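Right, one structure below, let's go through it.
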Amino acid sequence: MRTATDRPHWPEYPFTSRWFEHAEARQHYLDEGSGPPVLMVHGNPAWSYVWRHLVTGLSDAYRCVVPDLLGMGLSGRPSTPLPRLLAGYQIAALDDLVRHLVDEHRAPDRGWTVVAHDWGGPIALAWACLNAEKVDRVVVLNTAVFRFPEQGLPPWWFRLLRLRAVSALAAHHTPAWAYGAARLGVTGPMPAEVRRAFTAPYRHRRDRAALARFIQDVPVTRADPGWSLLAVVERMLPALEQVPILVGWGMRDPVLRPPLADAWQRRFPHARVLRYPEAGHYVLEDARAELVPAIREFLATTPSDAETTSG
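According to our numbering, the sequence shown is numbered sequentially starting from 18.
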């Protein structure tokens, strides 16, 4: 079992590292604050650092559970080859972590809010659909859990990037994907020290295998590994039809483009969709001053089972 190196100090990330031992690798996660639980699931090539502003903005009133997906961030890199469909593997690992927190660390069995971004969307919402009795609220940020509408397909360069040889070069053998996302995923440049923190877990080739695998799994055609997963998740989505949903969308995302925000509204007419015209893919970086309070207000006005139980 190989794990990422112990972390140095990173700006705006004053949190305590916690660890859960899976059979394949050790998983890093944050467990900050107390109150109704909020589960935050990152995408690719991010890690728990992407949630730092939301954790800071909620942890005085909510219990923020923020894992690094296996093979990513500060979590261990499994020594065995990654599975063909990485998201399915991560859904099972996420379920193991939540069960561990409920059984061993007094997390409530119900009343969870699920917050997801990018590839964290299919992972977290699949878990939410499978555990709908546990989930009271959903927040999605620039992600898709259904097949791309024709007018919202990723740009040609991203479809080229999905080719195995290209993604292996750009995301595994070199840090181009991690470094490029930190620059192109925002509309306002990150401070240099924040950009270094974003990319810190992915500086070495041995730590980037999951980044390439996730790119290869993005489902655009039926031949893609992730197509079957999204087809299953789509069929499960009615489990969330009564769940309050907040959508926060950076409208200048170069890959997950504005028509996907409209698709969320069509899929869930009851959802509240917030569009941020000047924000990019990392909407919590570009629009955090507006989005963090909006998420907090959404949580405050849609009480969860955990709040009712604790009261």
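Idealized CB from N, CA, C, for every residue including glycine.
Since the structure is predicted, the reported quantities are computational estimates derived from the model, not experimental observations.
Query, Result
"In its own chain, which residues sit with a C-beta less than 6 Å from the C-beta of D270, not counting the 5 before and 5 after it?", "N159, G297 and H298"
"Of all the options V309, Q168, V264 and F163, which has the alpha carbon lying nearest to the alpha carbon of V249?", "F163"
"For the alpha helix (DSSP H) that contains H117, what are its first and last residues?", "L103 to E121"
"Near A124, which residues of its chain fall below 8 Å by C-beta distance, leaving aside the five closest residues on each side in sequence?", "P54, R80, V82, V115 and L118"
"Between the beta-carbon of H39 and the beta-carbon of A145, is there less than 7 Å?", "no"
"Using a threshold of 7 Å, state whether the C-beta atoms of V235 and R292 are closer than that.", "no"
"Do the region 57-75 and the region 246-261 touch if we need at least three Cβ pairs shorter than 8 Å?", "no"
"Would a C-beta distance cut-off of 7 Å place L223 and H189 closer than the cut-off?", "The sequence given here has Arg at residue 223, not Leu. No. Outside cutoff."
"Leaving out five residues on either side along the sequence, give the residues of the same chain with a beta carbon under 7 Å from the beta carbon of G361.", "Nothing can be reported for residue 361: it is not among the residues displayed for the chain, which extend from 18 to 328."
"Using 10 angstroms around the beta-carbon of D153, count the other beta-carbons present and answer buried if the total reaches 16, otherwise exposed.", "buried"
"Which residues does DSSP pair with P54 in a beta bridge?", "R80"
"Give every residue of the same chain whose Cβ lies closer than 6 Å to the Cβ of G52, excluding the five residues on either side of it in the sequence, and list them in chain order.", "A78, Y79 and R80"
"Compute the Euclidean distance between the alpha carbons of V131 and N148, then round it to the nearest angstrom.", "11 Å"
"Mind checking whether A199 and W27 have CB atoms under 7 Å apart?", "no"
"Count the other CB atoms, across all protein chains shown, that sit within 10 Å of the CB of P48; report buried if there are 16 or more and exposed otherwise.", "According to the sequence shown, residue 48 is Asp rather than Pro. Buried, by the Cβ-count rule."
"Measuring alpha carbon to alpha carbon, tell me which of P218, H287 and L102 ends up nearest E258.", "H287"
"Given this structure, state the Cα-to-Cα distance separating P205 from D120, to the nearest angstrom.", "One point to set straight first is that residue 205 is Gly, not Pro, in the sequence displayed. Between G205 and D120, the C-alpha separation is close to 42 Å."
"Would you grab the beta carbon distance between V237 and R284 for me? Rounded to a whole angstrom, and I think it's under 8 Å.", "Going by Cβ atoms, the distance from V237 to R284 rounds to 18 Å, so no, they are not a contact pair."
"Pull up the distance between the alpha-carbon of E307 and that of F32, whole angstroms please.", "23 Å"
"Quick one: grab the DSSP three-state call for D279.", "helix"
"Mind checking whether A185 and A229 have CB atoms under 7 Å apart?", "yes"
"Please identify the residue among D241, A42, V211 and F165 whose C-alpha is closest to the C-alpha of H70.", "V211"
"G243 by DSSP, collapsed to three states: which one?", "helix"
"Where does H122 land, buried or exposed, given buried means 16+ other C-beta within 10 angstroms?", "exposed"
"Helix, strand or coil for L170? Go by DSSP, reduced to three states.", "coil"
"Between which two residues does the alpha helix (DSSP H) containing W136 stretch?", "Taken as a continuous stretch (DSSP letters only), W136 belongs to no alpha helix (DSSP H), as it is neither H nor E."
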